Every structure is written in structure tokens, then in C-alpha cells.
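Those protein sequences? They're chains H and Y, same order as listed.
For the first sequence, position 95 matches number 95 in this note's numbering, and the numbering has no gaps at all.
For the second sequence, position 15 matches number 135 in this note's numbering, and the numbering has no gaps at all.
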Amino acid sequence: MPLSNRKSKIASLLLLAALALLALAPLFFTDGTEGKTREAVVTVDGKIIRRVPLARERDEIFTVSTPYGENRIAVSGGSIRVEGADCPAKICAKSGAISQIGEVIACLPHKLLIEIKEIK
Amino acid sequence: MNNTRKLVFMGLLVAAALALSFVESFLPSPVLPGAKLGFANLVTVAALCIFPRTRDAALVLVARVLLGGVFAGGASFLYSAAGAALSFGVMAFLERTGRFGIVVVSAAGGFFHNFGQLAMASAVISSRALWSYLPALGLAGLAAGLLVGIVVKGWMESAAWKHFIRIPDPEFK
Ligand SMILES: [Zn+2]
């Protein structure tokens, strides 16, 4: 393998630019979040388990039981987070709270996903 | 490179990769919790430089992923295997074209390492929503790959290393 970039600078730059553009592609599909009514959609295995409107005055805590384990989910102040879970690494709980459209919390071991969407 | 020498190199590289993965597992992921930046990729990039045949580098990678799976266990094996396989395929292809230097090949490998992990995670969880992590994870992978490429390039060009791999094999004396 050649150790320097002398072979084709242009091809190299084009490749790097294409990859950066590919990385940023999802941003072109998300639009602003201001003033829209939002809901959190909880799915397990791709199936919708629960929809929670994220109104400011609404606080609640509920537990989602999946075939793989349980997640305790807390809604408060217009945001949602996983408060506790019995998955091994607790990555979902460490993700913190989300509130903006397009934001996601995933618990891969439980195949659980919380996604913020616009209520249309 | 004779067979014994090759085997020793492969063993050393696998051990180094496992050590890197182990250290990396203590670093918090800056983007998607649980995702790794792939500094263990350093060894794969080096293997592509050291061994003339792609299949020898692939062997190092397979050993690393399998042993890493034994140590880390369970679900994360799926993600690292998907990331490693896609990243390696892309790097081997780009190397074959002969148009790209090691730094660029490594950067692309870093990008596709994270791309593959994300694709596998999306498949597991049956949702496209995770792709919203692609901007952060993709750019982080690109940056980590560039860094890895620069390190390996420096390594391969260092005088001590060049001297080291040119030590004649005893049987040729
Ligand atoms: Zn979890």
C-alpha cells in the first residue's frame, strides 16, 4: 500500500467530501422544531407501544415491559427520559432527556426506542 | 515474510487490537452512548500495510472480532462485527484501486465502521430513527479514521520500524 497521498489528491479530497456529505445527509431531512406540538413515540421491535404528548404541564412515569426486560420512563417539563432499566449497560438511562423533534433514545438490548415526533 | 514471522506478527497485532478495544471500553462515547470510535481499527489499517495479501489482514480482523466478542460478550458483538466487516471491505477495495493513500483509506474505514454499527443497530431495533445519529457518528468516525491513518503512516515510515521488518530471516544467512 502506498504510504503517501501523492497518488491522487483530487480523488482523495472528493472521497472525503462525499463521506462528510453522506454523514450530514440526515440533517437535510429534519426541519425546525419551534412551535410544533410534539409527542414521544415509544416502540418495541418496531411496533408502537405508546404515544405521549409532550405538553409542558404533563408529568408522568410509566413502565414499559418488553419481552427482553423493563424500562421505567419519565415525562416531565416537555421532555422524556429513561429513568431506570434492567438492561446490562443502562445506556438508555445514561442518554438523558430528549425533547426536540427527531431526537432518539435507544435501548438496544430491549429493542426499545423513544422518538420525538410532530403531532400533525 | 516467512510463515513463522507472519504468524508472530498476526498474533502481536491481534493482541494489540484487543488491548486497544479494552482501553476504549472505558472511554465514554462522545456521541451515541455505547458506540465506539474504533481506535482498534488502527491495527487493521496497520495489518493492511504490513501484509502483502489482503486475506492475512482479514484473518487478523476476524480473530480480533471473535476474541473481542468472547471478552465483551453478547449483543455488542453484532454491532462490532457489522462495523468491522463493512469497514474492512471498503478499505480493502479502496486499497485495491491504488488511488488512495493510507490516511484516506483509514478515514473511509473509520466512517464505515460507524455506518455499519448504525445499520446493524437499526436492523436490530426495526427502525430508521437511529440514523439521526449519523451526522455525529459519521463525522466522528471520519476524524478517528484520519487520526488512525496519520499514526499508522508515521509508524510505517519510522526508521526503527523499517529497520525492524528488514532484519533478514535466520534461515537466509
Ligand atoms: Zn437500556
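Note that the Cβ used here is the ideal one computed from N, Cα and C, for glycine as well.
Source: prediction; values computed, not measured.
For H:A85, the enclosing beta strand (DSSP E) has its first and last residue at 79-85. Relative to ligand 1, even the nearest heavy atom lies 8 Å or more away from the CB of H:I101. Judged by DSSP in its simplified three-state form, H:E39 adopts strand. Three or more pairs of CB atoms, one per stretch, sit closer than 8 Å, so the stretch 106-116 of chain H contacts the stretch 71-91 of chain H. Interface annotation, H:L19: in contact with chain Y, CB-CB separation under 9 Å. DSSP, reduced to helix, strand and coil, places Y:L147 outside both helices and strands of the structure shown, so it counts as coil.
Segment contact: the stretch 173-189 of chain Y against the stretch 234-246 of chain Y, fewer than three CB-CB distances shorter than 8 Å; contact not assigned. In this structure the stretch 13-23 of chain H touches the stretch 225-234 of chain Y; the number of beta carbon pairs closer than 8 Å is three or more. Between Y:S200 and chain H, the shortest Cβ-Cβ separation is not below 9 Å.
Excluding the 5 residues flanking it on each side, H:S65 has no same chain C-beta neighbour closer than 7 Å. Between the alpha carbons of Y:G188 and Y:V272 lies a gap of roughly 22 Å.
At a Cβ-Cβ threshold of 9 Å, H:K36 and H:I98 do not count as neighbours. Inter-residue distance for H:G77 and H:E115 is about 16 Å (C-alpha atoms, whole angstroms). Under the 9 Å criterion on CB atoms, H:S65 is classed as non-interfacial with respect to chain Y. The alpha-carbon of H:E103 is positioned some 45 Å away from that of Y:S278. Within the same chain, Cβ atoms closer than 7 Å to the Cβ of Y:S141 are found at A160, G188, the five residues on either side in sequence being excluded.
Under the three-state reduction of DSSP, H:L112 is assigned to strand. H:C92 has its Cβ nearer than 8 Å to a heavy atom of ligand 1. Residues of the stretch 36-65 of chain H with a C-beta less than 7 Å from any C-beta of chain Y: T43, D45, G46, listed in chain order.
The beta-carbon separation of Y:R219 and H:A11, rounded to 5 Å, stays under the 8 Å limit for a contact.
Across the stretch 216-232 of chain Y, CB contacts with chain H closer than 8 Å involve G218, R219, F220, G221, I222, V223, V224, V225, A227, A228, F231, in sequence order along the chain. Listed in chain order, the non-local C-beta contacts of Y:A136 below 6 Å within the same chain comprise V163, local neighbours out to five positions each way being set aside.
Of the candidates H:A40, H:R50, H:D45, the residue whose Cα lies closest to the Cα of H:P67 is H:D45. For H:L112, the Cβ falls inside the 8 Å cut-off from some heavy atom of ligand 1.
Approximately 14 Å separates the beta-carbon atoms of Y:L257 and Y:A227; this is outside 8 Å, ruling out the contact.
Within 7 Å of the CB of Y:I285, no CB atom of chain H is found; the nearest one sits about 13 Å away. In the structure shown, the three-state DSSP call for H:S65 is strand. In this structure, the beta-carbon distance from Y:L254 to Y:A212 does not fall below 9 Å.
Proximity of Y:W281 to chain H, defined by a Cβ-Cβ separation below 9 Å, is not satisfied. The Cβ-Cβ distance between H:L15 and Y:V224 falls below 9 Å. Relative to the non-hydrogen atoms of ligand 1, the Cβ of H:A85 comes within a distance shorter than 8 Å of at least one.
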